[in-house]
């Protein structure tokens with residue numbers, strides 16, 4: 020299956036919701052076939068409690084189960100097994116239908132309606148959505164514009180001691196002074212335990228993370244701190260003492276190893292644009308009437 024086809028399937032449910040919003044009106048019924056144009060009923064291969072299973076239904080079941088070439092590759096034995104499976108399925112479905120409550124039956128009908136609509140939307144998009152092909156230049160530009168997606172990430176190992184819970188101004192100043200006095204300590208985990216024994220509500224943390232993934236209150240401190248040089252102390256909103264232990268930059272992957280991934284991403288993006296444009300065209304021709312509720 021091509022990338023465009025996969026993108027259509029991924030977008031199909033969303034488009035179903037997008038295109039279904041034409042009020043509560045049901046589509047106009049198709050004109051009834053005349054006696055001359057109405058096709059003759061297909062003969063049944065077998066009936067189950069009066070319900071026919073036809074050659075067309077069997078062929079569809081075989082294709083769905085065994086693939087597009089099923090009719091050419093399988094013999095009578097396999098075909099008979101698929102037919103028997105259809106018979107069993109039909110009998111079970113009939114039994115299940117009899118056991119449905121009115122609410123369950125109504126919900127089932129809604130599921131069938133939604134699935135039918137989804138198939139129709141999928142078919143329409145396949146026939147009409149025409150995304151622009153992804154060029155080599157677009158792949159290269161995307162690669163150069165997003166280096167962090169393909170390596171080249173800045174990873175910093177850091178540790179900090181932070182206050183826990185609200186602090187009065189006096190306590191805040193006392194904790195800051197305690198940080199400054201003990202900042203030269205090498206073992207901050209032990210230092211944190213000592214501060215707790217002295218009555219300071221603090222905890223110690225150490226992490227190794229991509230700077231871009233850090234929470235805002237820590238990100239700025241980790242970004243600005245010099246590696247293995249000194250200590251940063253901040254007092255708002257929490258009283259934090261932080262140091263960066265080391266930094267490493269991950270190796271950037273070569274373009275040729277990620278071009279397929281980039282092409283897939285861009286193809287999906289361009290399919291979304293094509294679908295958006297197509298939806299706009301369809302909606303410009305649709306009459307949409309939203310129910311209004313009088314505000315008391």
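In the working numbering, the protein residues as written are 20 to 315. No residue lacks a Cβ here, since even glycine has one placed at the ideal position from N, Cα and C.
On a Cα-Cα basis, can you pick out the residue from the options that is closest to residue i?
i           : options               : result
residue 275 : 220, 162, 264 and 298 : 162
residue 277 : 291, 155, 220 and 218 : 155
residue 97  : 110, 77 and 108       : 77
residue 261 : 174, 236 and 150      : 236
residue 167 : 210, 229 and 107      : 229
residue 263 : 303, 286 and 207      : 207
residue 267 : 175, 105, 65 and 70   : 175
residue 282 : 217, 192, 216 and 160 : 160
residue 190 : 250, 221, 72 and 204  : 221
residue 273 : 122, 165, 223 and 61  : 165
residue 284 : 158, 183, 203 and 205 : 158
Please return the same chain residues whose Cβ sits closer than 7 Å to the Cβ of residue i, not counting the five positions on each side in sequence.
i           : result
residue 195 : 252, 254 and 258
residue 117 : none
residue 197 : 214 and 219
residue 80  : 101 and 105
Cβ of residue i within 7 Å of Cβ of residue j?
i           : j           : result
residue 242 : residue 170 : no
residue 130 : residue 178 : no
residue 300 : residue 150 : no
residue 286 : residue 153 : yes
residue 87  : residue 73  : no
What do you get for residue i, buried or exposed, if any count of 16 or more other CB atoms within 10 angstroms of its CB means buried?
i           : result
residue 83  : exposed
residue 246 : exposed
residue 75  : exposed
residue 142 : exposed
residue 306 : exposed
residue 66  : exposed
residue 45  : Legend: pLDDT at residue 45 = 40, less than 50; position of this residue unreliable, no value from coordinates given.
residue 127 : exposed
residue 311 : exposed
residue 183 : exposed
residue 210 : buried
Return the first residue and the last residue of the alpha helix (DSSP H) that residue i is part of.
i           : result
residue 161 : 155-164
residue 221 : It is not in any alpha helix (DSSP H) - residue 221 instead sits in the beta strand (DSSP E) that spans 221-229.
Within a Cβ cutoff of 6 Å, which residues of the same chain sit near residue i, ignoring the five residues on either side of it in sequence?
i           : result
residue 148 : 293, 294 and 297
residue 302 : none
Span of the beta strand (DSSP E) holding residue i?
i           : result
residue 267 : 259-268
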